[in-house]
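All remarks here apply to the structure that follows.
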Amino acid sequence: MASQGPLGLERLIRAWGYSMAGFRACFKHEEALRQEVFALMFLLPLGLWLGETGVERALLVVSLLIIPLVELLNSAIEAVVDRVGEERHDLSGRAKDIGSAAVFLSIVIAVVVWLLVLGPRYI
Numbered sequence: 004m005a006s007q008g009p010l011g012l013e014r015l016i017r018a019w020g021y022s023m024a025g026f027r028a029c030f031k032h033e034e035a036l037r038q039e040v041f042a043l044m045f046l047l048p049l050g051l052w053l054g055e056t057g058v059e060r061a062l063l064v065v066s067l068l069i070i071p072l073v074e075l076l077n078s079a080i081e082a083v084v085d086r087v088g089e090e091r092h093d094l095s096g097r098a099k100d101i102g103s104a105a106v107f108l109s110i111v112i113a114v115v116v117w118l119l120v121l122g123p124r125y126i
């Protein structure tokens with residue numbers, strides 16, 4: 004039987020540390036995440052201000068938070084592919100392209116949500 008790691012609060016504290024290390028690494032190495040964080044600094048307060056109900060605010064904010072979430076996953080995929088080997092391979096390129104497509108789709112989702120929530124009011 005494998006030895007168990009820490010439990011309870013210690014496990015949560017370690018998990019928090021690992022998560023923050025992941026955020027820092029992605030922020031340091033991925034220009035796209037830095038751009039998305041910069042956009043969020045402007046758009047999140049705007050979404051909270053423009054949403055008239057709690058549901059509208061939630062839709063506007065969550066649709067934006069999906070973008071860096073997917074970017075983190077895409078960056079993880081790219082890091083693993085790069086770790087496996089630097090030589091070009093069709094499957095490596097496909098994995099990176101699919102991750103990029105997921106980021107693009109998350110941006111489309113945010114734009115559609117913002118248009119559906121705010122469009123009738125402002126257009």
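Going letter by letter, the sequence shown gives residues 4 to 126 in the numbering used here. Here a beta-carbon is modelled for each residue, glycine too, at the ideal position from N, C-alpha and C.
- Under the three-state reduction of DSSP, Ile-126 is assigned to coil, being neither helix nor strand.
- A distance of 7 Å or more separates the beta carbons of Glu-33 and Pro-71.
- Per the coordinates, the alpha-carbon of Ser-95 lies some 14 Å from the alpha-carbon of Ala-104.
- Listed in chain order, the alpha helix (DSSP H) runs fully inside the stretch 45 to 103 are 57 to 87, counting runs of at least 4 residues.
- In the structure shown, the three-state DSSP call for Glu-39 is helix.
- When only Cα atoms are considered, Ala-113 and Trp-52 end up about 16 Å apart.
- By the Cβ rule, the stretch 113 to 125 counts as touching the stretch 51 to 68, because three or more pairs are nearer than 8 Å.
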